[in-house]
Structures are given as C-alpha cells and as structure tokens.
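Here's the structure, in structure tokens; my notes come after.
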Amino acid sequence: MTRKEWLDDDAGPVVRPFALIGGRARSSGDDLDLIALITTTGVSPRDRADITPEQATILELAADTASVADIASDLNLALGVVRVLLGDLQDQGLVRVRPPAQVAPLPSARILKEVINGLRAL
344 MTRKEWLDDD
354 AGPVVRPFAL
364 IGGRARSSGD
374 DLDLIALITT
384 TGVSPRDRAD
394 ITPEQATILE
404 LAADTASVAD
414 IASDLNLALG
424 VVRVLLGDLQ
434 DQGLVRVRPP
444 AQVAPLPSAR
454 ILKEVINGLR
464 AL
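In structure tokens, the structure reads:
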C-alpha cells in the first residue's frame, strides 16, 4: 500500500481516535456524565508538550465552561476518547468537573394515587 492510499485529498491524513489516547480505553474520566460541566482551574500545564492539541482545545472550550457532550461534539471525537482526555487533564489539575445537579426523588406511588383521587373528586 502506497502512502498516497493513506491520504484523502478532502480529509487529509487520518488519525484513528485510539491513537490520540495511546490505545488506552480507561482513565479517571470513565465515569464522567454526559452533562457534567467542565471548567478550567486556571492552572497552566507544567510543560505545553505534556498536553495534546486536542487537550489544548478542550482547555479553550472549558475556559467558558462546557459539558462533556459539547466538548465531544466540538472536537468531533468519540465520547470514550474525550473522557480519557478529560481524565488526563483532571489528573493534572487542569480542569474541574462539576457533576450534574441532583434531581428531586420521584414521588411515591401512594402520593400519586392520592393526587389522582383528589383530581377525580373535583
């Protein structure tokens, strides 16, 4: 296979997503919720060479706060890849993760039945 077959004139060279994360499938970001909010901590990377171009873009996006889903969409990368990149940034202390707000518990079946009975009585 020649090098020409590896290039697409419209898309340019192709890099597989797992190559961006060194083939890793796990990180501390595995449990990040899609709607968790990511913000930068204000800490600069010790060495700019320690972060990838994708992580630099994440830091730019997170400067104004962004959800995990928005970051994945803006980067046009798979969610699993973005979670690994975010986990690495979190481990370096460069981003802060704010989990989604807890929703109120659903009312019990007894309360719902009382409401229905009350509405029927009207």
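Converting from the sequence shown to this note's numbering requires adding 343 to each position, the first position being numbered 1. Beta carbons: idealized from backbone N, C-alpha and C, even for Gly.
According to the Cβ coordinates, are residue i and residue j closer than 7 Å?
i, j, result
"T383", "L404", "no"
"V424", "L375", "no"
"V386", "L437", "yes"
"Q315", "L432", "Given a span of 344 to 465 for the chain in the structure shown, any question on residue 315 remains unanswerable."
Roughly how many angstroms separate the alpha carbons of residue i and residue j, rounded to a whole number?
i, j, result
"R441", "I381", "6 Å"
"I454", "L429", "42 Å"
"I414", "L449", "31 Å"
"L322", "S451", "This structure leaves residue 322 out entirely; the chain is present only between 344 and 465."
"I459", "T408", "42 Å"
"L420", "K456", "46 Å"
"R426", "Q445", "21 Å"
"P388", "T395", "11 Å"
"L418", "D390", "22 Å"
"R439", "S416", "19 Å"
Excluding five sequence neighbours on each side, which residues of the same chain lie with their C-beta closer than 6 Å to the C-beta of residue i?
i, result
"I378", "S410 and P443"
With a CB to CB cut of under 8 Å and the five nearest residues on each side skipped, what residues in its chain are close to residue i?
i, result
"D393", "Q435"
Within the same chain, show all residues whose beta-carbon is closer than 7 Å to that of residue i, passing over the 5 residues directly before and after it, in chain order.
i, result
"A406", "T383"
"T400", "L418"
"P447", "One point to set straight first is that residue 447 is Ala, not Pro, in the sequence displayed. So the list is empty, once near-sequence residues are dropped."
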